[in-house]
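The structure under discussion appears below in the form of structure tokens.
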């Protein structure tokens, strides 16, 4: 198959706006003159340009945009851009009326201390946050005077990695309004020569197609996209922009030799990607989590992906499946060959995979390693074949060895560096840091599989990356006395369509030649060859100087070194970690990269209440539900409560390792929000809006004794109702009396199952049979259709059928308190498992919602500004404030920033709040 080199970068065309911007489709926009066309709420984007220069896989990107305040008063202008997670920001500046406000890169702790006061007052927000699977969002806003103009310039760099033989530049185009001068320009220079170049866009019409200019010849290629104002319009008389979608640039390079070596100014880079080699057979052990939390869509998508992977196995491949829930199951005693007969049998096995039990991750992984070790020891697999382990899990170990550090130690000892371990974390409940450490220690990598409709494709896509090994034990050897600070130069496997990159610097800065010995094990024999290069040869290849940006090989070396040191740092401890931290920090500051150890301080003019900001580099980190008390277990087939299984004693000590802790939220999240759709307190509702990385809150004020319908799903049969209680006596000083949930009733009508929870007891009713517990019990219960765990005097986790999981938090007050009573809070963990027909005060928000905030202005409380919210075609007055999330601390709670909707959620909830009052709990 012909290989392509494809540049992969991801960014969002910056979107400008003002605090009182109104979404276009809320107005009937009529044709207006050209000047008015360009201004949205007084803000005109004069120009917007993305200038990308790619030299030998290293991309230097500059995004420049200019906006003008056409209004009569000062307005807020927002610069919003998405970057690849693998990119490092290197520079940012704002120029306002000729005065430049630069960003400066500092050690993270120094930057935070410098702005500690602003941070503590909530004035300084993080400017960079995770925004998608592969992107981070950089956002800066500034208030400028009437008739003033501001120019934003953001620079970032990235080493483009080869995948499936391609590099791809993917640009998200969404300026949100017409732009007078809009341009994307990409210039590529490859010493090996460019053989193919193309560009396309999801929003490109026939008229726009002609605006894409592409050209390539020899080593140079260029793409230009510059639509006129009329070409940007959605229609001839419209002022809305057609530019909304993906713009993709792809290119291929010529490969006449297995590698390419370049030397410039005392540094070198070595690219190694041989073609036309016979593929190695592979031995794959799939270790699959089938614990109860995989129920529903997760296990269905896993089966779907495994069936497609079986279709891709070659005749000379060997494979096996290891399944782990509470117990560990092996499909075959050893690895077997991928014959048509064996593949048919495997398909039947995969179709029958179902969930059961808890998460014996250690047992499953060790069984997989033992199976692979035994196959090699007994010569059941070819000597010249590539062995890999792929593990998929969606939770945390809680059966057998559950200490993650102990598991890491045992796994590393068992593998002994013989083959790579690839860990796939499904969703956000996994301890991603643990999976990543364990994979990196065993020459593999970790990848998060995002819970979505394409999860099966994500799983299959990862397998495709490692499905065609061509070489094993690849070593690129350089003269030790000539080279210092060499990046990683030995690799367990080389996969078809990928590329190995090694960089280093010469001990003698004036040295201008290098000899490299390359070795590897192929299908039939060992690969060995020598490459030589000198600086003069490189200089001849780079005669077109306009494509070179500074000392690009030196910066490439610094980028790659930082990236690999950060990987080593993940699993390092003690002095080794301190040394790695010092090296990364030194390089980051020297080359001005925003990395996890540095921050960019962005200064702004002091007038109009502008505040400084700090841009950090987000990390993948721990998933949302890492600290969730426990997972959903399996549903056993017993039909009577008399045969329930109670797991006591040791469960308590294991559960104590888990909690519902979540790190304190901030106004702009550095990763996914750590809170869930919930109702708690008096009672206040918190509705997360992930795409905004924000939340909406509202209260319901009803009389004690009222029963509210919180969740109603006619498909799964699950209903959740809550009965309100009041204080022991009325507060005469308050117009609105406090109320709380004193009872929660949960029903699954399909299973004839009821669960009633009060601050005193938990009652399960299955048909005519009842079983009761108190909050003094510590219980793990598994029954047909129900999983329930009581964490003594704290909370309980439960699920019914294959539906969502919930956490009920117990709030206890001093028994002799003259006013307050004990009450309950409800938190939803995975509402995606409920149907699209789900409704109720909480349930209606399990479906995606969106909103726009405008006209932010001081409110009655100077710490809580008011604004106008556009949501569900309503304009609501909302207040910026906080509500409490009590999962971590039932006594004090954690402040969750949100937009508060007044008047019992009027305009936000469907109908009015009294529509949700029902006659009884069940």
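In the UniProt record's numbering, the protein residues as written are 1 to 922.
We put the CB at the ideal spot given by N, CA and C, even for glycine.
This structure is a prediction, so every number in the text was calculated from the model and none was measured.
Query: Could you give the distance in angstroms between the alpha-carbon of residue 669 and the alpha-carbon of residue 568?; Result: Annotation note: pLDDT 28 at residue 669 (below 50); position unreliable, no value reported.
Query: Anyone know if the C-beta pair for residue 88 and residue 154 falls short of 7 Å?; Result: no
Query: Would you call the CB atoms of residue 372 and residue 387 closer than 7 Å?; Result: yes
Query: Pull up the CB-CB distance for residue 390 and residue 432, whole angstroms please, since I reckon it's below 8 Å.; Result: Between residue 432 and residue 390 the Cβ distance is about 16 Å, and since that is not below 8 Å, they are no contact.
Query: How many angstroms separate the CA atom of residue 897 from the CA atom of residue 866?; Result: 13 Å
Query: Can you name the start and end residues of the beta strand (DSSP E) that residue 787 belongs to?; Result: 786 to 791
Query: Ignoring anything shorter than 3 residues or poking outside the segment 399 to 482, list the beta strand (DSSP E) runs there in chain order.; Result: 421 to 426, 446 to 449, 469 to 477
Query: How is the alpha helix (DSSP H) around residue 677 delimited, first residue to last?; Result: First-last for residue 677: undefined, no H or E at that position.
Query: Just mark residue 924 as buried or exposed, buried being the case when its beta carbon has 16 or more other beta carbons within 10 Å.; Result: Because the chain here runs from 1 to 922, residue 924 falls outside it and cannot be looked at.
Query: Helix, strand or coil for residue 22? Go by DSSP, reduced to three states.; Result: Because the pLDDT at residue 22 is just 29, under 50, the model does not fix this residue reliably, and the point stays unresolved.
Query: Quick check on the DSSP output: the alpha helix (DSSP H) that includes residue 554 runs from which residue to which?; Result: 552 to 571
Query: Give the DSSP bridge partners of residue 66, in chain order.; Result: 47, 151
Query: Does DSSP put residue 755 in a helix, in a strand, or in coil?; Result: strand
Query: Can you check which of these residues, 62, 356, 810, 221, is closest to residue 679 by C-alpha distance?; Result: 810
Query: Distance check for residue 885 and residue 354, CA to CA, integer angstroms please.; Result: 35 Å
Query: Given residue 711, which residues of its chain have a CB within under 6 Å of its CB, disregarding the five upstream and five downstream residues?; Result: 720, 840, 842, 843
Query: By alpha-carbon positions, which one of 163, 178, 486, 393 ends up nearest to residue 436?; Result: 393
Query: What does residue 869 pair with, by DSSP beta-bridge criteria?; Result: 853, 876
Query: Could you give the first and the last residue of the continuous alpha helix (DSSP H) run that contains residue 351?; Result: 340 to 351
Query: DSSP on residue 381, reduced to helix/strand/coil?; Result: coil
Query: Given residue 915, which residues of its chain have a CB within under 7 Å of its CB, disregarding the five upstream and five downstream residues?; Result: none
Query: Hey, could you find the ends of the alpha helix (DSSP H) residue 584 is sitting in?; Result: 574 to 591
Query: Suppose contacts are defined by Cβ-Cβ distances below 7 Å. Is residue 407 in contact with residue 364 by that definition?; Result: no
Query: For the beta strand (DSSP E) that residue 781 lies in, which residues bound it at each end?; Result: 779 to 783
Query: By how many angstroms is the C-alpha of residue 713 removed from the C-alpha of residue 910?; Result: 16 Å
Query: Is it buried or exposed for residue 235, if we count other Cβ within 10 angstroms and need 16 for buried?; Result: exposed
Query: With a threshold of 16 other CB atoms inside 10 Å of the CB of residue 528, please say whether the residue is buried or exposed.; Result: exposed
Query: In this structure, does DSSP put residue 744 in helix, strand or coil?; Result: strand
Query: With which residues is residue 135 paired in a DSSP beta bridge?; Result: 84
Query: How about residue 823 and residue 900: do their beta carbons lie closer than 7 Å?; Result: no
Query: Determine the direct distance from the alpha carbon of residue 174 to that of residue 77, and round the result to whole angstroms.; Result: 16 Å
Query: Check residue 255 in the structure and name its three-state DSSP category.; Result: coil
Query: Report the CB separation of residue 75 from residue 43 in whole angstroms; it is logged as a contact under 8 Å.; Result: 6 Å
Query: Tell whether a beta-carbon distance below 7 Å holds between residue 96 and residue 63.; Result: no
Query: What's the call for residue 110, buried or exposed, on a 16-neighbour Cβ count within 10 Å?; Result: exposed
Query: State the Cα-Cα distance for the pair residue 471 and residue 887, rounded to the nearest angstrom.; Result: 50 Å
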